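A.B. asks: For the sequence shown, the working numbering assigns the number 82 to the initial residue and increments by one for each residue that follows.
Glycine is no exception: its CB is placed at the ideal position from the N, C-alpha and C atoms.
Note that the coordinates shown come from a computational prediction; the quantities given were computed from them, not determined experimentally.
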Amino acid sequence: MAELLTLLGIGKHYHGAKALDGVDFTLRAGEIHGMLGENGAGKSTLSKIIAGVVPPDGGRILWEGRPVSFANPAAALRQGIAMVFQETSLIPSMTVAQNIWLGDEKAFNRLRGVYIAAQQFLQSLNFPVDPTAEVSTLGAAKRQLVEIARAVRLRARVIIFDEPTATLTPEEKRHFFALMRRLQGQGITLLFISHAIEEALQLADRITILRDGQHVITDRAAAFSRERIIALMVGRTLAAGYSAAGPRIPRPAGERILSVQDLSLGNVVRNNAFSLYAGQVTGIFGLVGSGRTETAKIIAGIYKRDFSRGGNILLRGRPVRYRVPRQAVLDGIVYVTEDRKSEGFFENASIADNLYAGLLASPGHRSWFTNKKQRARLAELWRGKLKIRSLDPDGRVVQLSGGNQQKVVIGKSLVQRPALVIFDEPTRGVDVGAIAEIHQLINQLADEGLAVMVISSYLPEIMALSDRILVSRQGRIVEEFPANEMDEKKIMYAAVH
Ligand SMILES: Nc1ncnc2c1ncn2[C@@H]1O[C@H](COP(=O)(O)OP(=O)(O)OP(=O)(O)O)[C@@H](O)[C@H]1O
Ligand SMILES: [Mg+2]
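Here it is, written out as structure tokens:
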């Protein structure tokens with residue numbers, strides 16, 4: 082295969098620190114190329130340089146052997162390079178169809194034409210998305226699909242995907258893999274970044290590993306194993322992942338902190354009933370769209386139940402009805418969002434300010450006067466606890482790598498000293514090492530006596546973490562499994578049938 086794109090000695094500094102350091106990299110025409118590395122290794126930065134989103138500050142880029150430089154994404158796109166971003170860049174107030182045809186609306190003289198075209202296009206991709214839906218109403222998974230659709234429509238010769246599968250269900254992933262292969266069949270070159278090592282092994286022709294802003298290796302996927310990839314990623318051998326955990330003795334249930342009865346919200350949550358206990362991790366497994374996030378958001382006061390027949394929420398036996406999330410926080414209930422970009426943090430504030438904002442919202446902290454020392458101590462503490470890595474300690478959170486942003490979101494909730502924490506997809510976009518750290522933290526919270534609820538679409542994660550697993554299907558919990566009776570097949574069956 083011919084070399085389509087060649088990067089030579091690419092460097093990038095932020096605040097005097099190296100995000101990329103003399104990286105050489107090639108893309109061959111027609112290949113599927115996987116890029117792996119820890120959080121903050123430089124994967125997104127490198128792909129943004131290829132896509133003209135950020136300029137390199139050293140090195141050269143060759144396109145079919147000729148030097149090129151892209152002043153902006155439009156210039157890269159003219160050359161044939163499109164990028165699907167890690168944190169979605171859709172316009173929330175516009176519909177799916179409008180987003181897919183953004184910038185090319187003139188091709189249609191009526192809005193209806195856009196919808197018909199979008200309908201057909203989405204169908205051809207096998208994407209179950211309503212073209213007339215406003216993007217703000219879609220969950221993370223469907224937003225991702227819209228973004229992928231937009232890139233596909235642009236008919237680029239190279240499409241870069243930054244963690245495309247992190248938000249997809251197993252079913253959607255299969256569709257996505259098939260789509261990738263179809264695109265490859267049409268001669269399109271694909272570069273994808275992923276933390277799912279098995280996916281890269283399965284899908285990629287070649288794999289590149291970055292570590293601390295440097296190129297470590299590029300080789301045929303067949304030359305790698307999971308263990309070898311992890312060792313190359315972290316520069317040392319890591320203890321086996323959580324897949325080895327298997328069934329274990331569940332922690333005993335403490336006080337019943339929260340119970341919901343007959344909980345309903347439109348068609349999404351239907352007569353849902355379950356309880357959460359202190360000192361335990363309760364895992365909620367279900368397919369995307371099974372009402373898990375909505376249930377969590379009702380508990381946390383973010384969504385409102387149907388007023389007349391919405392059911393009951395009892396906190397330590399006392400009925401509660403929250404109008405705003407702050408009331409839930411004051412009662413000791415926090416929700417760690419799955420959608421960090423739009424609801425997780427103040428992107429233009431520093432890590433310290435984000436943590437402090439979390440603290441101010443918690444019980445007993447009424448003063449909005451900023452205490453500089455307290456803020457610095459707080460940042461220091463949580464930076465250490467969660468191993469948050471940033472080049473510039475006082476930089477804005479938006480400048481952190483995806484996985485490190487996730488840690489800030491978690492920290493911001495935990496400073497509120499909750500009695501019940503709800504984690505929604507807590508390790509999405511987080512590297513193998515950091516997953517272990519976050520899992521350890523979740524276990525520690527339960528050991529300290531908190532009630533912990535974990536929502537995840539990734540069954541091994543749920544199985545490794547939970548003392549009991551509740552399976553959600555079509556808006557309600559349909560089955561419960563204690564940790565010592567977990568069975569992957571039974572859980573899957575309950576979720577689907
Ligand atoms: N705009 C920016 N300002 C300051 N630092 C930045 C900026 N963009 C990225 N960085 C830093 O550059 C380094 C590489 O970040 P990058 O986003 O490329 O990592 P990544 O490999 O994509 O990680 P992840 O797997 O977490 O997404 C990180 O330390 C990050 O904090
Ligand atoms: Mg990234």
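Mark H600 as exposed unless 16 or more other C-beta atoms lie within 10 angstroms of its C-beta, in which case mark it buried.
C.D. replies: Outside the shown range of the chain (82 to 578) lies residue 600, about which nothing can therefore be said.
A.B. asks: I think R332 touches D568, with their Cβ atoms under 8 Å apart; what is that distance to the nearest whole Å?
C.D. replies: Counting from 1 along the sequence shown, the entry for residue 332 is found at position 251. Counting from 1 along the sequence shown, the entry for residue 568 is found at position 487. So it is not a contact: roughly 20 Å between Cβ atoms.
A.B. asks: Mind checking which residues open and close the alpha helix (DSSP H) that includes D528?
C.D. replies: The sequence position of residue 528 within the sequence shown is 447, counting from 1. Run containing D528: 513-528, per the alpha helix (DSSP H) assignment.
A.B. asks: By how many angstroms is the C-alpha of R301 removed from the C-alpha of G92?
C.D. replies: Against the sequence shown, residue 92 aligns to sequence position 11. Against the sequence shown, residue 301 aligns to sequence position 220. Computed Cα separation, rounded: 25 Å.
A.B. asks: For A334 and K570, what's the separation of their Cα atoms in angstroms?
C.D. replies: Position 253 of the sequence shown, counting from 1, holds the residue named residue 334. Position 489 of the sequence shown, counting from 1, holds the residue named residue 570. Roughly 25 Å separates the two Cα atoms.
A.B. asks: For the 8 Å Cβ check, are there 3 or more pairs between the region 515-533 and the region 365-381?
C.D. replies: They do not touch, by the three-pair rule.
A.B. asks: Regarding I197 and ligand 2, is the C-beta to nearest heavy atom distance less than 8 Å?
C.D. replies: As a working mapping, residue 197 is identified with position 116 in the sequence shown. Every heavy atom of ligand 2 is 8 Å or more from the Cβ of I197, so no.
A.B. asks: Quick check on DSSP: helix, strand or coil for N191?
C.D. replies: Within the sequence shown, residue 191 is the residue found at index 110, counting from 1. Here residue 191 is Arg; the residue named in the question, Asn, does not match the sequence. Residue state, collapsed to three classes: coil.
A.B. asks: Work out the CA separation of T363 and L339 for me, nearest whole Å.
C.D. replies: Counting from one through the sequence shown, the residue named residue 339 turns up at place 258. Counting from one through the sequence shown, the residue named residue 363 turns up at place 282. Answer to the nearest angstrom: the Cα atoms are 12 Å apart.
A.B. asks: Restricting to Cα atoms, I'd like to know which of N120, F106, T107, G97 is closest to A515.
C.D. replies: As a first step, residue 515 must be located in the sequence shown, where it is residue number 434. The shortest C-alpha separation from A515 is found at N120.
A.B. asks: Taking 8 Å as the cut-off, is the CB of D243 close to at least one heavy atom of ligand 1?
C.D. replies: Walking along the sequence shown from the start, residue 243 turns up at place 162. D243: yes, Cβ under 8 Å from ligand 1.
A.B. asks: Take T87 and list the residues in its own chain whose beta-carbon comes closer than 6 Å to its own, dropping the five residues that flank it on each side.
C.D. replies: By one-based count along the sequence shown, residue 87 stands at place 6. Closer than 6 Å at the Cβ level, and outside the excluded window around T87, lie T107, L143.
A.B. asks: So, does the region 278-291 touch the region 129-146, judging by three or more C-beta pairs under 8 Å?
C.D. replies: Because the criterion of three Cβ pairs below 8 Å is not met, the region 278-291 and the region 129-146 do not touch.
A.B. asks: How would you label S174, buried or exposed, when you count the other beta carbons within 10 angstroms and need 16 or more for buried?
C.D. replies: Walking along the sequence shown from the start, residue 174 turns up at place 93. When all chains shown are included, S174 counts as exposed.
A.B. asks: Distance check for I330 and F355, CA to CA, integer angstroms please.
C.D. replies: Here residue 355 refers to the residue found at position 274 when the sequence shown is read from its first residue. Here residue 330 refers to the residue found at position 249 when the sequence shown is read from its first residue. So the alpha carbons of these two residues sit roughly 21 Å apart.
A.B. asks: With distances taken between CB atoms, is the gap from I162 to R238 smaller than 9 Å?
C.D. replies: Locating residue 162 in the sequence shown gives position 81, counting from the first residue. Locating residue 238 in the sequence shown gives position 157, counting from the first residue. In this structure, R238 lies closer than 9 Å to I162 by Cβ.
A.B. asks: Within its chain, find whatever has a CB closer than 8 Å to the CB of M573; leave out the 5 residues flanking it on each side and keep chain order.
C.D. replies: Along the sequence shown, read from residue 1 onward, the residue named residue 573 stands at position 492. Counting only Cβ-Cβ distances below 8 Å, and skipping sequence neighbours, we find L540.
A.B. asks: Per DSSP, which residues does Q342 bridge with? Please list them.
C.D. replies: Position 261 of the sequence shown, counting from 1, holds the residue named residue 342. For Q342, which the question treats as bridged, DSSP gives the partners N393.
A.B. asks: Return the chain-ordered list of same chain residues with a C-beta closer than 7 Å to the C-beta of Y403, the five sequence neighbours on each side being excluded.
C.D. replies: Here the question's residue 403 lines up with position 322 in the sequence shown. Within the same chain, Y403 has close Cβ partners G382, A409.
A.B. asks: Pull up the distance between the alpha-carbon of I519 and that of L495, whole angstroms please.
C.D. replies: Stepping through the sequence shown from its first residue, residue 519 is reached at position 438. Stepping through the sequence shown from its first residue, residue 495 is reached at position 414. Going by the C-alpha atoms only, they are around 12 Å apart.
A.B. asks: Any idea which residues DSSP pairs Y485 with across the strands?
C.D. replies: Within the sequence shown, the letter at position 404 stands for residue 485. Checking the sequence shown, residue 485 turns out to be Asn, not Tyr. Paired residue(s): none; N485 is not in a bridge.
A.B. asks: I469 and V489 look like a contact to me (Cβ under 8 Å); what is the Cβ gap, rounded to whole Å?
C.D. replies: For this step, residue 469 is matched to residue 388 along the sequence shown. For this step, residue 489 is matched to residue 408 along the sequence shown. Correct: roughly 6 Å between the Cβ atoms.
A.B. asks: Where H578 and E542 are concerned, what is the direct C-alpha to C-alpha distance, given to the nearest angstrom?
C.D. replies: Taking the sequence shown and counting its residues from 1, the one referred to as residue 578 is at position 497. Taking the sequence shown and counting its residues from 1, the one referred to as residue 542 is at position 461. If I take the Cα positions, the gap works out to 21 Å.
A.B. asks: Do H114 and ligand 1 come close, with the Cβ less than 8 Å from some heavy atom?
C.D. replies: Within the sequence shown, the letter at position 33 stands for residue 114. It does not: the Cβ of H114 is nowhere closer than 8 Å to a heavy atom of ligand 1.
A.B. asks: Please state if the CB of P499 and the CB of G413 are separated by a distance shorter than 9 Å.
C.D. replies: The residue given as residue 413 occupies position 332 in the sequence shown. The residue given as residue 499 occupies position 418 in the sequence shown. Contact flag set, yes.
A.B. asks: Could you have a look at V233 and say whether DSSP puts it in helix, strand or coil?
C.D. replies: Taking the sequence shown and counting its residues from 1, one reaches residue 233 at position 152. Correct three-state label for V233: helix.
A.B. asks: Output the distance between the C-alpha atoms of L101 and R234, rounded to the nearest integer angstrom.
C.D. replies: On the sequence shown, residue 101 is found 20 positions in, with the first residue counted as 1. On the sequence shown, residue 234 is found 153 positions in, with the first residue counted as 1. Near 31 Å, if we compare the C-alpha coordinates of R234 and L101.
A.B. asks: Just to check my reading of the structure: I240 and A232 have Cβ atoms closer than 8 Å, yes? What is that Cβ distance to the nearest angstrom?
C.D. replies: The count along the sequence shown starts at 1 and reaches residue 240 at position 159. The count along the sequence shown starts at 1 and reaches residue 232 at position 151. Contact flag correct, Cβ pair sits at about 5 Å.
A.B. asks: Could you have a look at S431 and say whether DSSP puts it in helix, strand or coil?
C.D. replies: What you label residue 431 is simply residue 350 of the sequence shown in a count that begins at 1. Residue state, collapsed to three classes: strand.
A.B. asks: For chain D, check one thing: does any of its Cβ atoms lie closer than 9 Å to the Cβ of V415?
C.D. replies: Annotation note: the requested chain D is absent from the structure, which comprises a single protein chain.
A.B. asks: Under the three-state reduction of DSSP, which class applies to P209: helix, strand or coil?
C.D. replies: As a first step, residue 209 is located in the sequence shown; it is residue number 128 there, counting from the start. Coil, per DSSP.
A.B. asks: Cutting at 7 Å between CB atoms, please list the residues of its own chain near A433, excluding the five before and the five after it.
C.D. replies: Within the sequence shown, the letter at position 352 stands for residue 433. Only R456, A457, L459, A460 meet the Cβ criterion.
A.B. asks: In three-state terms, what does DSSP make of A320?
C.D. replies: Within the sequence shown, residue 320 is the residue found at index 239, counting from 1. Its pLDDT being 46, under 50, A320 is placed unreliably in this model, and the coordinates cannot settle the point.
A.B. asks: Tell me the residue span of the beta strand (DSSP E) that contains A354.
C.D. replies: If you number the sequence shown from 1, residue 354 lands on position 273. Unbroken beta strand (DSSP E) run through A354: 350-358.
A.B. asks: Taking 8 Å as the line, does the beta carbon of T176 fall inside it for any heavy atom of ligand 1?
C.D. replies: Position 95 of the sequence shown, counting from 1, holds the residue named residue 176. Because no heavy atom of ligand 1 lies under 8 Å away, the Cβ of T176 does not count as near it: no.
A.B. asks: Where does the unbroken alpha helix (DSSP H) through G465 begin, and where does it stop?
C.D. replies: Against the sequence shown, residue 465 aligns to sequence position 384. 453-466 is the span of the alpha helix (DSSP H), which, as asked, contains G465.
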